Amino acid sequence: MQLRRTLLSLVAVATALGTFSVAATAQNYKAEYRMSLVLGPPTPWGQAGKVWSDLVKERTQGRINIKLYPGVSLIQGDQTREFSALRQGVIDMAVGSTINWSPQVKELNLFSLPFLMPDYAAIDALTQGDVGKKIFQTLDKSGVVPLAWGENGYREVTNSKRVIKSPEDLKGMKIRVVGSPIFSDMFTAMGANPTQMSWADAQPALASGAVDGQENPLFLFTILKMHTVGQKFVTTWGYMADPLVFVVNKEIWNSWTPADQAIVRQAAIDSGSQEIALARKGLVEADKPVLKDIAAMGVTVTQLSPAEREAFVKVTRPVYEKWKTTVGLDLVKAAERDIAARKK
Ligand code: X2X
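At the far end of the sequence shown sits residue 350, using our numbering, and the numbering has no gaps.
Laid out in structure tokens, this is it:
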């Protein structure tokens with residue numbers, strides 16, 4: 007009898023301890039996590055965030071709930087502050103562009119080196135290879151947990167003034183660029199008059215004619231109907247593409263159980279590969295339906311010949327050389343090597 011009672015109370019203590027440890031884990035979890043994005047759904051970028059958060063919620067049975075904050079609204083639209091805010095915990099997690107984080111993480115300027123990546127296979131050679139791994143190590147050292155790659159895309163130039171076929175056509179043109187210094191250098195080298203501003207400020211600036219043009223992936227042109235804000239000319243020059251990175255703040259990451267960390271990581275990888283396919287849709291097919299859609303809006307779409315493109319490569323080469331040292335010579339060399347060896 008005595009023994010039975012002792013055993014029973016031992017079971018009771020064990021149960022209580024078990025309950026206690028489960029409760030302690032649950033208490034570490036926030037009711038809701040804040041995910042920052044520049045572009046929301048229906049863009050591919052916004053979909054990346056939505057699919058990631060939906061998969062996490064489903065696979066953790068609601069233990070991890072995420073709310074999306076598109077328009078970088080947690081930092082009042084100031085997209086070049088997103089990385090600092092992530093590190094400080096103002097933002098819990100994000101799908102962010104390499105451009106916006108490059109002021110804090112110099113290595114991310116790699117993807118902005120003009121004409122480094124001639125095609126999608128070149129982007130993949132970097133993000134899916136050793137260079138991508140090295141960049142993830144750097145991000146990790148910089149205070150966030152990187153999980154997967156996505157893609158904003160090739161940034162093509164649009165304007166309200168004239169067809170752009172050569173650097174001379176850009177002369178004096180007011181072009182909105184992101185607040186990352188390499189973009190000012192590139193557009194200055196091409197003879198344009200670059201103006202740095204956030205995406206939030208760019209849209210009214212285009213509408214009022216305060217700027218003549220901008221550069222962004224073409225899905226944004228069709229989603230926002232940019233021809234209605236006077237953007238009548240599009241040139242596809244493929245000068246650079248910005249990958250997206252899925253990350254989580256370090257303290258938040260450490261507060262999750264290893265099983266939940268694995269779920270969040272796999273969900274980011276799954277969402278990233280879906281999103282990359284979405285970002286390329288309409289641009290990788292031989293007849294490039296996105297270009298046809300834009301032409302059907304009454305917009306002049308100009309695809310540069312290799313010789314025309316070469317003129318832009320030439321005038322931006324000094325910018326490439328200047329920024330190589332900032333990015334890191336070894337990293338640039340590794341990237342150039344992996345691109346040259348890519349499978350097309
Ligand atoms: O600001 C832009 O142009 C955008 C939306 O593409 C980025 O956030 C890099």
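All residues carry an ideal CB built from backbone N, CA and C; glycine is no exception. Keep in mind that this is a model prediction, so the values were computed, not measured.
Helix, strand or coil at residue i [DSSP, three-state]
{"i": "Gly-135", "result": "coil"}
{"i": "Trp-155", "result": "strand"}
{"i": "Ser-204", "result": "coil"}
{"i": "Glu-162", "result": "strand"}
{"i": "Phe-239", "result": "strand"}
{"i": "Arg-348", "result": "coil"}
{"i": "Ala-37", "result": "coil"}
{"i": "Ser-172", "result": "coil"}
{"i": "Pro-264", "result": "helix"}
{"i": "Pro-120", "result": "coil"}
{"i": "Ser-214", "result": "helix"}
{"i": "Glu-291", "result": "coil"}
{"i": "Met-232", "result": "helix"}
{"i": "Ser-279", "result": "helix"}
{"i": "Gln-110", "result": "coil"}
{"i": "Gly-55", "result": "helix"}
Distance CB(residue i)-CB(residue j) smaller than 8 Å
{"i": "Val-296", "j": "Thr-241", "result": "no"}
{"i": "Ala-319", "j": "Lys-330", "result": "The sequence given here places Val at residue 319; Ala does not occur at that position. Going by C-beta atoms, Val-319 is not nearer than 8 Å to Lys-330."}
{"i": "Ala-208", "j": "Arg-168", "result": "no"}
{"i": "Gln-220", "j": "Leu-212", "result": "yes"}
{"i": "Leu-116", "j": "Val-251", "result": "no"}
{"i": "Leu-92", "j": "Met-41", "result": "no"}
{"i": "Asp-125", "j": "Asp-344", "result": "no"}
{"i": "Ala-195", "j": "Thr-322", "result": "yes"}
{"i": "Ser-166", "j": "Gln-110", "result": "no"}
{"i": "Met-246", "j": "Ser-108", "result": "no"}
{"i": "Met-179", "j": "Ala-198", "result": "yes"}
{"i": "Val-163", "j": "Trp-259", "result": "no"}
{"i": "Ser-214", "j": "Glu-314", "result": "no"}
{"i": "Ala-341", "j": "Leu-122", "result": "yes"}
{"i": "Asn-255", "j": "Ile-81", "result": "no"}
{"i": "Arg-69", "j": "Asp-218", "result": "no"}
{"i": "Glu-257", "j": "Gly-156", "result": "no"}
Residues that residue i bridges to, as DSSP identifies them
{"i": "Gln-258", "result": "Residue identity check: residue 258 is Ile in the sequence provided, not Gln. DSSP lists no partner for Ile-258."}
{"i": "Met-179", "result": "Paired residue(s): none; Met-179 is not in a bridge."}
{"i": "Asp-221", "result": "As written in the sequence, residue 221 is Glu, which differs from the Asp given in the question. Beta-bridge pairing links Glu-221 to Val-163."}
{"i": "Phe-252", "result": "Val-101, Ala-154"}
{"i": "Ser-42", "result": "Tyr-75, Ala-100"}
{"i": "Gln-309", "result": "Thr-242"}
{"i": "Phe-247", "result": "One point to set straight first is that residue 247 is Ala, not Phe, in the sequence displayed. Tyr-160."}
{"i": "Asn-199", "result": "Lys-180"}
Where residue i falls, given that 16 or more other Cβ within 10 Å makes a residue buried
{"i": "Glu-38", "result": "exposed"}
{"i": "Ala-100", "result": "buried"}
{"i": "Pro-210", "result": "exposed"}
{"i": "Leu-335", "result": "exposed"}
{"i": "Gln-237", "result": "buried"}
{"i": "Arg-161", "result": "buried"}
{"i": "Lys-349", "result": "exposed"}
{"i": "Lys-328", "result": "exposed"}
{"i": "Glu-64", "result": "exposed"}
{"i": "Ser-27", "result": "With a pLDDT of only 45 at Ser-27, under 50, the local geometry of the prediction cannot be trusted, and the value read off the model is given with reservation. Classification of Ser-27: exposed, given that the 10 Å Cβ count is below 16."}
{"i": "Val-290", "result": "exposed"}
{"i": "Ser-59", "result": "buried"}
{"i": "Gln-53", "result": "buried"}
{"i": "Ala-347", "result": "exposed"}
{"i": "Ser-311", "result": "exposed"}
{"i": "Glu-88", "result": "buried"}
{"i": "Ala-131", "result": "buried"}
{"i": "Ala-285", "result": "buried"}
Proximity winner among the options, relative to residue i (alpha-carbon distances)
{"i": "Thr-86", "options": "Tyr-75, Thr-104, Gln-94", "result": "Thr-104"}
{"i": "Ile-170", "options": "Asn-158, Val-307, Gly-215, Met-246", "result": "Val-307"}
{"i": "Asn-71", "options": "His-233, Val-270, Gly-77, Ile-282", "result": "Val-270"}
{"i": "Asp-276", "options": "Pro-200, Val-57, Val-44", "result": "Val-57"}
{"i": "Thr-144", "options": "Asn-199, Val-96, Glu-113, Ala-302", "result": "Glu-113"}
{"i": "Trp-51", "options": "Ala-195, Val-78, Trp-259, Leu-122", "result": "Val-78"}
{"i": "Ala-206", "options": "Val-254, Asp-175, Gly-83", "result": "Gly-83"}
{"i": "Thr-49", "options": "Ser-148, Lys-180, Ile-282, Phe-193", "result": "Ile-282"}
{"i": "Phe-193", "options": "Met-203, Lys-177, Ser-204", "result": "Lys-177"}
{"i": "Asp-299", "options": "Gln-309, Ser-59, Gly-288", "result": "Gly-288"}
{"i": "Asp-293", "options": "Asp-175, Gln-309, Val-305", "result": "Gln-309"}
{"i": "Val-253", "options": "Ser-90, Asn-34, Tyr-35", "result": "Ser-90"}
{"i": "Thr-66", "options": "Ala-313, Trp-262, Ala-302", "result": "Trp-262"}
{"i": "Val-325", "options": "Asp-191, Phe-225, Gln-94, Ile-81", "result": "Asp-191"}
{"i": "Asn-222", "options": "Asn-34, Gln-267, Val-44", "result": "Val-44"}
{"i": "Ile-129", "options": "Gln-280, Phe-225, Asn-158", "result": "Asn-158"}
{"i": "Thr-133", "options": "Pro-264, Asp-248, Ala-317, Ala-268", "result": "Asp-248"}
{"i": "Met-303", "options": "Ile-188, Lys-139, Phe-239", "result": "Phe-239"}
Any non-hydrogen atom of the ligand FMN closer than 7 Å to residue i Cβ
{"i": "Ser-103", "result": "The model depicted lacks the ligand FMN and carries the ligand X2X instead."}
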